[in-house]
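Notes follow once the structure below has been shown.
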Amino acid sequence: MRVTFPHMGNLYIPLKAMLNYLEVDVVVPPPSSKKTLNLGVKHGPEFACMPLKLNLGNFIEAREMGADTIIMAGGCGPCRFGYYAQIEHAILKDIGCDMQLIVLEPPEKNISELIVKMKKITGSRSWWQVIQAIRFGYQKALAVDEMEKTAFQVRPREAKPGATDRAFSEALTLIDNAASQVELAEARKKADTIMAGVARKHGAPVVRIAVIGEIYTLLEPFSNHRLERHLGLLGVEVDRSIYLSEWVNDHLLFGLVKNLRSSKDACASASPYLCHFVGGHGQETVGSAVNYALAGYDGIIQVYPFTCMPEIVAQSILPGVGSDYDIPILTLIMDEHTGEAGLQTRLEAFIDLLARRKETREAVNR
Amino acid sequence: MKVGIPRALLYYYYYPMWRTFFEELGAEVVLSSPSTRVTLTQGLKHAVDEVCLPVKLFFGHVLDLTGKVDFIFLPRMVSVEHRKYICPKFLGLPDMIRRLDGLPDLIGVDVNLYRKNRDLYTAINKVGSLFTGNKFKIFRAYRNSVKTLQKYCRLLQMGLMPAEALAVLENNVGDKPLGYPLEMNVAVIGHPYNIYDPYISMNLVGRLKEMGANVLTAEHVPEKILRSNAARLPKKLFWSLGHRMIGAAYHYLDRQDISGVVHVAAFGCGPDSMTGELIERHARALRAPFLNLTLDEHTGEAGIVTRLEAFLDMVRWKKAEAAGL
Ligand code: SF4
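Residue numbers (the numbering used here), protein chains in the order written: chain A, 4 to 369; chain B, 12 to 336.
Shown next, in the form of structure tokens:
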């Protein structure tokens, strides 16, 4: 059995760690690219949202590398994601890529279910080993997030353009290569040093922007045209409403880790604008907008894939948050036709607007 | 007291029930006018671009009621059956609508049967108590409204279209001569608010009839048959309407007396993009005549007519071939 899974940003690092720990043969698909997307567009339903098409492309590419089993998260609606796996499986079968499918379904809402499914993949490994493996994967997710947060801080301040990106990818490789908990602790230390070593220039960044929205397009840089990197290079300090470890905790570990920033807080802040969950992260999107406004951010960018229903609800409601809290909100909708050049122009205009607002405000306050 | 009900979305399923309920409690029920270009234009103006066509139209119907009624009935339809949702947008609809200016008061209540059926009665009570303190009166209104709904569903299952069933319930069936038997049966599968709204569907059902086809929809199939057919999926669908559409499509695709299936999707509809794919794959595997129509605000009438005609020609040709002609 050679196992593969869809890409979502750096998710491959913790997943691979977990599976390798259990000595499962893993095929990590090549990073999502134009080719991946083209494969998905060619074989996927025209009106499916982009994540489905990229997943499909990932699987086809992994298949070419010898993968024969897919593991994937499931869902119980109301958002489409919960039915992705089944549709993708049917499509793959039709185009002659018959692969075994293992879906980790959340309605079972119980960590033991995950372990049972994991045992299906790992066969003879003991419970203890499975639990250790899950823990190991999760620690990697945390380490990756730490590096990413540092990168958000450093990028707008870097003295030499591109230095952060280089350090960040070096740090990721270190974490990715760590084969045991001991090695991981080592790698974390080294990675910290590398990130801290990026030379910074004086003068604080001009504006702070929070990025919120649909989880996949937030976490997968290919799907958002490396939005956060663009912002950073334009001198913006970025924060993101959700990080990998939080997603892993919510969707794969069913909230096992308790003291994380939880989506509950974000949902609570969504009222009175959106008083009910709407599937996906729609309510979190609205709530995070409120929280970021309160935290003094200069602007907010909502990102989602074309036709994502929970985010459309959020988008309809965000203008209310924007005017009540007097904070500009930009919505970016990603699909296979979105071009990087157009995006760059829109970002520059938005940042200009934020900078000017900030100047006027500071002038008034002085 | 005047209660307004928008002639959109779940109106096509629940109007008879809602109406009976409010009337029994002594309210006057006012329905928004049938969809027109104006309704849609209003909706387009006030909803974000990305929202689907039926929700835009719903905005238009709500606006049509403003100024005409004291209340608009706008329940949050989270779930109408165990372990199924309608669509994420229904969950957020009241919050999207509330942002409109100058609305009358809204009667909002969460209808959520995701966990258990009993929760419906809590919701009903809440609405009823806006009109009367008499619990018994509310209960009676509720019971009668359920009876009306059952009657309506039976009429649909006999093969009537929603508008025809309503006419029977309201006792105003015109004395029209019966039509000639039509030469073939075509199944039209789509969300009720897309296929039964004559404006949005560009009178799809009527047109098919004019072209010689008898039309069958998901609402004509008994619940049990729908369910057993939908159970053929590898995983249960968690959308009530999608589940119904799949069940009906699979059922009709198996039936020898159905000559073709038309799937109607709204542009940008999430569930449609998934169920449409499943239905189309199934139809293709069976080599059954299948047409996929996607409706949006730019869809031209001429284009639809041409495609329907071409589709029916193909169906006729296949039938002739099968008959060895
Ligand atoms: S089911 Fe589709 S068409 Fe209906 S409201 Fe939801 S997204 Fe729109």
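Glycine is no exception: its CB is placed at the ideal position from the N, C-alpha and C atoms.
Reduced DSSP secondary structure (H/G/I, E/B, other) of residue i
i	result
residue 83 of chain A	coil
residue 330 of chain B	helix
residue 328 of chain A	helix
residue 302 of chain A	strand
residue 308 of chain A	strand
residue 246 of chain B	coil
residue 162 of chain B	helix
residue 213 of chain B	coil
residue 112 of chain B	coil
residue 133 of chain B	helix
residue 187 of chain B	coil
residue 303 of chain B	strand
residue 169 of chain B	coil
residue 119 of chain A	helix
residue 11 of chain A	coil
residue 66 of chain A	helix
residue 312 of chain B	helix
residue 333 of chain A	strand
N-terminal and C-terminal residue of the beta strand (DSSP E) that residue i is part of
i	result
residue 90 of chain B	87-90
residue 279 of chain A	Per DSSP, residue 279 of chain A belongs to no beta strand (DSSP E) and is neither H nor E.
residue 39 of chain B	39-42
residue 228 of chain B	224-228
residue 274 of chain B	271-277
residue 215 of chain A	210-216
residue 243 of chain A	239-243
residue 201 of chain B	195-201
residue 36 of chain B	No beta strand (DSSP E) holds residue 36 of chain B; DSSP gives it neither H nor E.
residue 84 of chain B	82-84
residue 76 of chain A	72-76
residue 106 of chain A	103-107
Residues of its chain near residue i, where Cβ-Cβ distance is below 8 Å and the 5 sequence neighbours each way are ignored
i	result
residue 72 of chain A	4, 5, 6, 7, 102, 103, 104, 105, 124
residue 156 of chain A	240
residue 53 of chain B	70, 71, 74, 75
residue 59 of chain A	42, 43, 46, 47, 91, 94, 95
residue 46 of chain B	18, 19, 68, 71, 72, 208, 209, 210, 211
residue 171 of chain B	179
residue 38 of chain A	60, 64
Burial state of residue i (16 or more Cβ within 10 Å)
i	result
residue 288 of chain A	buried
residue 104 of chain B	buried
residue 131 of chain A	exposed
residue 335 of chain B	exposed
residue 21 of chain B	buried
residue 128 of chain B	exposed
residue 19 of chain A	buried
residue 139 of chain A	buried
residue 328 of chain B	exposed
residue 191 of chain A	buried
residue 384 of chain A	Residue 384 of chain A falls outside the range modelled here, since chain A spans only 4 to 369, and no answer is possible.
residue 297 of chain B	exposed
residue 240 of chain B	buried
residue 294 of chain A	buried
Close-in-space but distant-in-sequence residues of the same chain around residue i (CB under 7 Å, 5 per side omitted)
i	result
residue 141 of chain B	118
residue 124 of chain B	90, 91, 92, 93, 130, 131
residue 63 of chain A	42, 100
residue 121 of chain B	87, 89, 134
Enclosing alpha helix (DSSP H) for residue i [first to last residue]
i	result
residue 53 of chain B	48-57
residue 13 of chain B	Note, residue 13 of chain B: premise wrong, no alpha helix (DSSP H); beta strand (DSSP E) at 13-16.
residue 285 of chain A	285-297
residue 21 of chain B	Residue 21 of chain B -> no alpha helix (DSSP H), and no H or E assigned at all.
residue 267 of chain B	Careful: residue 267 of chain B lies outside any alpha helix (DSSP H) and carries neither H nor E.
residue 285 of chain B	281-297
residue 75 of chain B	64-76
residue 124 of chain B	Residue 124 of chain B -> no alpha helix (DSSP H), and no H or E assigned at all.
residue 363 of chain A	343-368
residue 167 of chain A	166-180
residue 139 of chain A	130-157
residue 196 of chain A	184-199
Cutoff 6 Å; reference residue i; Cβ partners in own chain excluding five residues on either side
i	result
residue 309 of chain A	336, 338
residue 195 of chain B	224, 270
residue 328 of chain A	296
8 Å Cβ cutoff, residue i in contact with chain C
i	result
residue 119 of chain A	Given the protein chain composition of this structure (A and B), no chain C is represented.
### Query
Which residues have their C-beta within less than 6 Å of a heavy atom of the ligand SF4, listed in chain order?
Going by the Cβ distance cut-off, the answer is A/312, B/63, B/65, B/66, B/98, B/100, B/202, B/277, B/280, B/281, B/282, B/283.
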